[in-house]
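Residue numbers (my numbering): 13 to 120.
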């Protein structure tokens, strides 16, 4: 048996065992019955932004550092290099995460 045939059989078995008896009643099924969907709590939202809880000001300052270093490097080189663009982009993303984390903390 060739490798791709073995892989195909393995994946087929995984899919079959995942979708068979998935709801625990002994019958083939594709979903969980009587499931209640729950909204995440504020604590879970904060857990997603854990870095803003641990050291929010360091996260904020690292964002500005990335932006400043990116702009400084671009001016020094005389052109906008990919690495400087990434530094600026990561700096802005740090600031966005910081603002979102602070908003969640303040308005919970």
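Where a beta carbon is used, it is the ideal one built from N, C-alpha and C, also for glycine. All values reported here derive from a predicted model rather than from experimental measurement.
Does the separation of the CB atoms of residue i and residue j fall below 8 angstroms?
i	j	result
residue 8	residue 85	It is not possible to answer for residue 8, since the shown part of the chain is limited to 13 through 120.
residue 82	residue 96	yes
residue 80	residue 104	no
Look up residue i in the DSSP assignment and say whether it is helix, strand or coil.
i	result
residue 106	helix
residue 55	helix
residue 50	coil
residue 90	coil
residue 119	coil
Quick one: does the C-beta of residue i sit closer than 7 angstroms to a heavy atom of the ligand NAD?
i	result
residue 80	Absence of the ligand NAD is noted for the structure shown, with no ligands found whatsoever.
Tell me which residues share the same chain as residue i and place their Cβ nearer than 7 angstroms to its Cβ, disregarding the 5 neighbours each side in the sequence.
i	result
residue 74	106
Could you name the residues of the same chain whose beta carbon sits closer than 8 angstroms to that of residue i, not counting the 5 residues immediately before and after it, in chain order?
i	result
residue 93	85 and 86
Under 6 angstroms Cβ to Cβ from residue i, same chain only, skipping five residues before and after it: list those, please.
i	result
residue 77	none
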